[in-house]
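Q: Next up is a structure, given as structure tokens.
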Amino acid sequence: HNQFTEFPAALCTVTTLQELRLQHNQLRSLPDAIKQLQALRHLHLDRNKVQYLPKGLYDCTQLEPLSLSWNVVDQVGPSIARLKKLQHLSLYQNHLLFCADEINELQSLSNLNLSYTKLKKLPKLSGCTNLVVLSLAGLREIEELHQELEMLQCRQLKQLTLSRNSLTDLPPSFDQYEALERINIDYT
């Protein structure tokens, strides 16, 4: 494990950078200058202490996976819609209280992990027409998860994780998931 507490400023000058992995550090924030990384396609920042996503991050429009698991991000704003090529977004184990409905505009998104966050409401996802993996485990703050699931309308889903929620049944509309191959609703 390295111990970077600040994003290395020198990285923002490497404009040809396509993949950046800074997992297992102590990063608290990302600089707005990250927008200079126009070629950046893969960004992995798992297991840091990142609190917010700067506006400049949304200028990295070539991003395909954005992995921020095990951080303390508390919101994803409407600018997420600018990441049109985003295919994989992981916000697992964050302090996420709000995720803008504009995530609905990410038609390339195929894998979304919002598990173990503090969301009180799911964002709209019906526009995510390529979403095949959706992880919604441990969303204890959502009081009406049953109703939220009813409105998802993600017809291409192949894998759905609903573990560690307070569900007592599944919505009747579950038959809309014609492609569903795997569902996890256990305790683990």
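So that you can map any letter, position 146 of the sequence shown is 187 in my numbering, and since no number is skipped, the others follow by simple counting.
From the three backbone atoms N, C-alpha and C, an ideal C-beta is built for every residue, glycine too.
Tell me, please, which residues DSSP counts as bridged to Ile224.
A: In the DSSP output, where bridge partners are listed per residue, Ile224 has Leu201.
Q: I need the boundaries of the alpha helix (DSSP H) containing Glu60, first residue and last residue.
A: That residue, Glu60, is in no alpha helix (DSSP H); its beta strand (DSSP E) goes 60-62.
Q: Go ahead and pull the three-state DSSP assignment for Ser120.
A: Reduced to three states, the DSSP call for Ser120 is helix.
Q: What would DSSP say about Asn152, mapped onto helix, strand or coil?
A: If DSSP states are grouped into helix, strand and coil, Asn152 belongs with the strands.
Q: Measuring only the C-alpha atoms, how far is Gly97 from Ile75?
A: Whole-angstrom Cα-Cα distance: 6 Å.
Q: Can you pull the DSSP bridge partners for Leu78?
A: According to DSSP, which records beta bridges pairwise, Leu78 is partnered with nothing at all.
Q: May I have the straight-line CA-CA distance separating Ser108 from Asn89, to the nearest angstrom?
A: The alpha-carbon atoms of Ser108 and Asn89 are separated by roughly 11 Å.
Q: Counting along the chain, where does the alpha helix (DSSP H) carrying His187 start and finish?
A: Start and end: 186-191.
Q: Where DSSP assigns a beta bridge to Pro106, which residues make up the other side?
A: For Pro106, which the question treats as bridged, DSSP gives the partners His129.
Q: Are at least three pairs of beta-carbons, each pair with one atom in the segment 189-207 and one in the segment 167-176, less than 8 Å apart?
A: Output reads yes: the segment 167-176 touches the segment 189-207.
Q: Just mark Leu208 as buried or exposed, buried being the case when its beta carbon has 16 or more other beta carbons within 10 Å.
A: When all chains shown are included, Leu208 counts as exposed.
Q: So, with DSSP's three-state summary, where would you put Phe139?
A: Three-state DSSP puts Phe139 in a strand.
Q: Quick one: what's got a C-beta closer than 7 Å to Leu150's C-beta in the same chain, skipping five residues either side?
A: So the list reads Leu127, Gln128, Leu130, Cys169, Asn171, Leu172, once near-sequence residues are dropped.
Q: Would Tyr133 be called buried (16 or more neighbouring beta carbons within 10 Å of its own) or exposed?
A: Looking at its Cβ environment, which holds 16 or more other Cβ atoms inside 10 Å, Tyr133 is buried.
Q: Does the distance from the CB of Pro72 to the CB of Ala50 come in under 8 Å?
A: A contact, by the Cβ cut-off of 8 Å.
Q: If I follow the unbroken beta strand (DSSP E) through His83, where does it start and stop?
A: That run of the beta strand (DSSP E) goes 83-85.
Q: Over the uninterrupted beta strand (DSSP E) stretch that includes Val174, give me the two end residues.
A: That run of the beta strand (DSSP E) goes 174-176.
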